[in-house]
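Enquirer: Provided herewith is a single structure, encoded as structure tokens, for subsequent inquiry.
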Amino acid sequence: MTKPTVRIPSLLAATALGLASMSAHANANEEAVKAQLQDYKATMQTFGKTLKGELQAAMKEGGPMAAVQICNERAPEIAADLSEESGFTLRRTSLKPRATEPTDWERAVMQDFEKRKADGTPIDEIAWHEVKKVDGEKQLRFMKAIGTEGVCLNCHGQDVDPKLKAEIDRLYPDDQATGYAKGDIRGAFSITAELDD
Ligand code: HEC
């Protein structure tokens, strides 16, 4: 009769140990996700600041016709430079894209963003992330909604200057990114990388 009394506690201990190490692992994962999301946000902010700075300077100097060249050339360059520096894949996309078609999962996330906005969530609080295994590699996917401000309407608004619209159409024959109003969701940042843990 001594056997069970020995075996049961050791089994319980093993189970408890197992659970403890599982939750320690979950915490470590959560910490890794949190830290990496901070890095994503910093990279995203650098993108926004750099592009906006150049856009505003070009607008001041040559108006929207000059600024459109900045968006056309510099937006993809800044995204590529930051992606290379950080090791993340960073891009901007939209449900009505000018340059960058969303993937299926990006489209689904942005459709959800529209629902959250309709439910009253302020745009700057609308973000999403998930950890996803892709080809055996754990990836952290992150998206954040981008709002439409007054200055954006020059090139994304309801009545874009016809000369400017002609230039936009020349650069982007399939442009869908007009007709927006202030306060609409213009699109979203999307960042993906392998999760460090
Ligand atoms: C001078 C014209 C111009 C202005 C002003 C402008 N954009 Fe754009 N926008 C463009 C062009 C051109 C592109 C395509 C370049 C690219 O991203 O590769 C673009 C692309 C985008 C994209 C990428 C998704 C897509 O449609 O392909 C987002 C998001 C975006 N703009 C948001 C904004 C926001 C927000 C503002 C205001 C803060 C703004 N834009 C102001 C011209 C403009």
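According to my numbering, the sequence shown is numbered sequentially starting from 8.
A virtual CB, placed ideally from N, CA and C, is assigned to each residue, including glycine.
I'd like the span of the alpha helix (DSSP H) that includes Ile-95, first residue to last.
Expert: A small fix is needed here, since residue 95 is Phe in this sequence, not Ile. Segment: none, Phe-95 is in no alpha helix (DSSP H) and carries neither H nor E.
Enquirer: When the Cα atoms are used, what is the spatial distance from Ile-175 to Arg-98?
Expert: 20 Å
Enquirer: Gly-194 and Ile-153 - do their beta-carbons sit closer together than 7 Å?
Expert: yes
Enquirer: Ignore the nearest five residues each way along the sequence and tell me which others in Ala-65's own chain have a CB closer than 8 Å to its CB.
Expert: Ala-73, Ala-74, Gln-76, Ile-77
Enquirer: If you reduce the DSSP assignment to three classes, tell me which class Glu-121 lands in.
Expert: helix
Enquirer: CB-CB under 8 Å to Phe-120, same chain, minus the five flanking residues each way: which ones, in chain order?
Expert: Ile-133, Trp-135, Met-150, Ala-152, Ile-192, Ala-195
Enquirer: Alpha carbon to alpha carbon, how far is Asp-142 from Leu-102?
Expert: 27 Å
Enquirer: How is the alpha helix (DSSP H) around Ile-192 delimited, first residue to last?
Expert: Segment 192-201 is the beta strand (DSSP E) holding Ile-192; no alpha helix (DSSP H) there.
Enquirer: Look up Gln-146 in the DSSP assignment and say whether it is helix, strand or coil.
Expert: strand
Enquirer: Which runs of the alpha helix (DSSP H) fall wholly inside the stretch 30-113 and span at least 4 residues, in chain order?
Expert: 82-93
Enquirer: Closer than 6 Å to a non-hydrogen atom of the ligand HEC - does that hold for the CB of Thr-50?
Expert: Thr-50 Cβ: outside cutoff for every heavy atom of the ligand HEC.
Enquirer: For Lys-139, which residues of its own chain have a beta-carbon under 7 Å away from its beta-carbon, when the five flanking residues on both sides are left out?
Expert: Gln-146, Arg-148
Enquirer: Report yes if the C-beta distance between Leu-178 and Asn-36 is below 7 Å; otherwise report no.
Expert: For the 7 Å CB-CB criterion, Leu-178 and Asn-36 do not form a contact.
Enquirer: According to the Cβ coordinates, are Thr-107 and Thr-100 closer than 7 Å?
Expert: yes
Enquirer: Tell me the DSSP secondary structure of Gly-154 in three-state form.
Expert: strand
Enquirer: For the ligand HEC, is there any heavy atom lying closer than 6 Å to the beta carbon of Gly-194?
Expert: Yes.
Enquirer: Report yes if the CB atom of Leu-44 is closer than 7 Å to the CB atom of Ala-82, and no otherwise.
Expert: no
Enquirer: So for Thr-116, helix, strand or coil by DSSP?
Expert: For the sequence presented, residue 116 should be read as Val rather than Thr. Helix at Val-116.
Enquirer: Looking at C-alpha atoms only, which residue of Pro-169, Gly-55, Gln-165 is the closest neighbour of Ala-188?
Expert: Gln-165
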